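Residue numbers (this note's numbering): 1 to 222.
All remarks here apply to the structure that follows.
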């Protein structure tokens, strides 16, 4: 059962300062929890309604959690809705450990730098796309939206648990790691990517700017 103490704890995780302190996140919904499990998320607790547990989705999640010796606690939809960020709760919610990311010591071969991305939905979509393309390292400017914002988590669909690195860092610091790093940027005035030739063995980073302002002026010279 989702107790009042549990509800209070989960509500705190909607705020960045408590997520940072506790190193925990909330996951909501079947697809997000399923994909996160498959990508190695460390699940601490799961609550679900009886209707969800009796469904095909409930069977699928139940089998995966049983393999990890994690029990699902039954609770009411009303209780889940008290901590849900979704208008239409699917009847399942989980508390998980924040993924651990490696510090940047040496530049990876392929990476992305997100410059001042402020919209949570866009941030999540970019992380999801990077995961799809197999890019394991994502770097963020200090003005980006919190990568663990609940809307970013929901839009990312589990991608957070795939990456080796999601680090807040300046482009200048990145460039000190490798003098030969090829820097590419998404720009409406740029060349078509299919026509841009580069050797696959070269290390490169793709810079993507904000929705409203594009690439920051401080990055353009690179």
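Glycine residues also receive a C-beta, built at the ideal position from the N, C-alpha and C atoms.
It should be emphasised that the depicted structure is a prediction, and the values quoted were computed from it without experimental measurement.
Residue 165 is bridged by DSSP to 137. Straight through space, the alpha carbons of residue 154 and residue 128 are spaced by roughly 10 Å. Look at the beta carbons and you see the stretch 73-84 not touching the stretch 116-133: under three pairs across the two are nearer than 8 Å. The C-alpha of residue 31 lies about 22 Å from the C-alpha of residue 7. Taking the Cα positions, residue 72 is about 5 Å away from residue 46. The stretch 55-108 is shown to contain whole beta strand (DSSP E) runs of 3 or more residues at 72-74, 92-97, in chain order.
Beta-bridge partners assigned by DSSP to residue 113: 139, 207.
In the structure shown, the three-state DSSP call for residue 45 is strand.
Contact check for residue 109 and residue 203: beta-carbon distance about 5 Å, within the 8 Å limit, so the pair qualifies. Closest option to residue 159, judged by alpha-carbon separation, among 12, 21, 102, 37: 37. Residue 29 sits close to residue 90, with the two beta carbons spaced by under 8 Å.
CA-CA distance, residue 181 to residue 175, rounds to 7 Å.
Pairing residue 167 with residue 139 gives a Cβ-Cβ distance under 8 Å. Contact between the stretch 83-100 and the stretch 39-54 is present, with at least three C-beta pairs closer than 8 Å.
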